[in-house]
Amino acid sequence: MSKILTSKLGLFLLAVVIIVLVIFKGRFFEGLGTKYLWVKDQQAVNVDKSDPEWLDKYCKLEIKNLPKLPFANKGLEKDINGEDVQGYGIPDIDLKKLIPEDKWYETEGCGLWYKYSNEEAYPSVGVDYAFNIDVANTFQENVDRLITESMDESWEKISPISNSDAGRPFYMYNGFPLIFMRENKKLGTVEYMTANFGANTFFMNLYAYEK
Numbered sequence: 003m004s005k006i007l008t009s010k011l012g013l014f015l016l017a018v019v020i021i022v023l024v025i026f027k028g029r030f031f032e033g034l035g036t037k038y039l040w041v042k043d044q045q046a047v048n049v050d051k052s053d054p055e056w057l058d059k060y061c062k063l064e065i066k067n068l069p070k071l072p073f074a075n076k077g078l079e080k081d082i083n084g085e086d087v088q089g090y091g092i093p094d095i096d097l098k099k100l101i102p103e104d105k106w107y108e109t110e111g112c113g114l115w116y117k118y119s120n121e122e123a124y125p126s127v128g129v130d131y132a133f134n135i136d137v138a139n140t141f142q143e144n145v146d147r148l149i150t151e152s153m154d155e156s157w158e159k160i161s162p163i164s165n166s167d168a169g170r171p172f173y174m175y176n177g178f179p180l181i182f183m184r185e186n187k188k189l190g191t192v193e194y195m196t197a198n199f200g201a202n203t204f205f206m207n208l209y210a211y212e213k
């Protein structure tokens, strides 16, 4: 009988240890990436709608209210004028089914393009870097969660979209491209935020069109 009690006690203690470790790991993970998040109040953006370039100017100001990256990076890629915000043409193809056809070429876009290295970025969100698709998927999933948690509540998450719409291989994490949408009733605009990985560059773009 004593052996049975000892065995049950041992299993109980093992279960307690596992639960404690899971909780600790969860709390530890929650702290990862937070030092890279932009903890600040949203800055009100005011534009003069009588200005023919108001939508472009709004985009380039409002995009600075988006959260910074939750992973280690080398900073923003500059445009040809040395500015942080990139001018952008027509919207990402990922938005083709979301933006009305008659608004497609009227949409203004801009971007913040962050350079990074896998060797530094992965560990900053709790992933040991390795040249492996499962490791890459875990990294992207962590980034997805952290960005989603840091987005202003005015944004509605649209992603994930299908593999065919995203042009994404079936074996890759399906959360990217990230797509968020909102209506800005004050300005009468519909706005989309997209984010995706490129070749050691993370693209965070903002698009807006007037309703």
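Numbering-wise, my numbering puts 20 at position 18 of the sequence shown, and it's gapless, one number per residue.
We treat Cβ as the ideally placed atom computed from N, Cα and C, and that holds for glycine.
A quick note: this is a predicted structure, and the numbers were derived from the prediction, not measured.
field: Under 7 Å between C-beta atoms of L68 and E110
entry: no
query: What do you reckon, are the CB atoms on L246 and M183 nearer than 7 Å?
result: Nothing about residue 246 can be reported from this structure: the residues present for the chain run from 3 to 213 only.
query: Per DSSP, C112 is paired with what?
result: G89, L208
query: Taking contact to mean at least 3 C-beta pairs separated by less than 8 Å, is the region 69 to 84 in contact with the region 127 to 146?
result: yes
- prompt: Going along the chain, which unbroken runs of the alpha helix (DSSP H) with 4 or more residues stay wholly within the region 165 to 193?
  reply: 165 to 168
- prompt: Roughly how many angstroms separate the alpha carbons of F133 and Y124, rounded to a whole number?
  reply: 11 Å
- prompt: For L71, does the three-state DSSP call read helix, strand or coil?
  reply: coil
query: Can you tell which of A210, I95, D53 has the C-alpha that lies nearest to the C-alpha of S164?
result: I95
- request: On the DSSP bridge assignment, give the partners of K117 in chain order.
  value: G77, T203
task: Could you work out which residue in D53, G128, N202, V137 is closest to L148 when comparing CA atoms only?
output: G128
field: Whole-angstrom C-beta distance between L180 and A168, which should lie under 8 Å
entry: Their Cβ separation, rounded to whole angstroms, is 11 Å, which puts A168 and L180 out of contact at 8 Å.
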